[in-house]
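To start, the structure itself, in structure tokens.
As structure tokens, then:
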């Protein structure tokens with residue numbers, strides 16, 4: 495008989511922030527604001543390393559719209575290597591400025607509306623699941639529900 499392993503998963507995606515334990519949800523959405531890919535990281539972790547994993551699903555030549563947290567040279571060069579355009583506002587610490595289309599950047603609200611929809615689901619907004627894989631599974635079920643109800 496083999497004894498059961500004690501402890502939780504290797505990476506529970508729970509990190510400390512000012513408000514306590516948190517988890518960041520990284521989402522890649524399509525032009526209609528529906529989620530295409532979802533990933534989790536701990537709350538204090540930077541979102542930039544997760545971006546290249548998400549951006550693998552983006553078609554070559556596409557425009558990538560993201561917020562200031564994703565303004566890194568690595569993300570910009572990754573998008574440029576795929577013949578795309580990164581419409582990301584520069585952070586205040588940047589010395590060089592990049593072109594930013596205000597009209598395109600306004601389309602980012604579609605992804606923000608996705609986050610608003612999942613926050614209306616109590617189990618997701620409060621994260622009752624302790625394991626990251628269970629939380630991600632519930633998050634993906636919510637994404638499927640959003641896809642089904644999309645008009």
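Numbering (my numbering), first residue to last: 495 to 645. Backbone N, C-alpha and C define an ideal beta-carbon position, used for all residues, glycine too.
Original post:
Could you check where the beta strand (DSSP E) with residue 559 kicks off and where it finishes?
Top reply: 557–559
Subject >> Every unbroken alpha helix (DSSP H) inside the stretch 519–566 [4 residues or more] >> reply: 542–549
Subject >> Residue span of the beta strand (DSSP E) that contains residue 580, given as start and end >> reply: 579–581
Subject >> Three-state class that DSSP yields for residue 515 in the structure shown >> reply: strand
Original post:
Leaving out five residues before and five after residue 599 in sequence, what residues of the same chain have Cβ atoms less than 8 Å from its Cβ?
Top reply: Closer than 8 Å at the Cβ level, and outside the excluded window around residue 599, lie 559, 581, 583.
**OP:** Taking 7 Å as the cut-off, decide whether the C-beta atoms of residue 564 and residue 551 are in contact.
**Re:** no
Original post:
Along the chain, where does the alpha helix (DSSP H) that runs through residue 589 open and close?
Top reply: Neither: residue 589 is in no alpha helix (DSSP H) and is coded neither H nor E.
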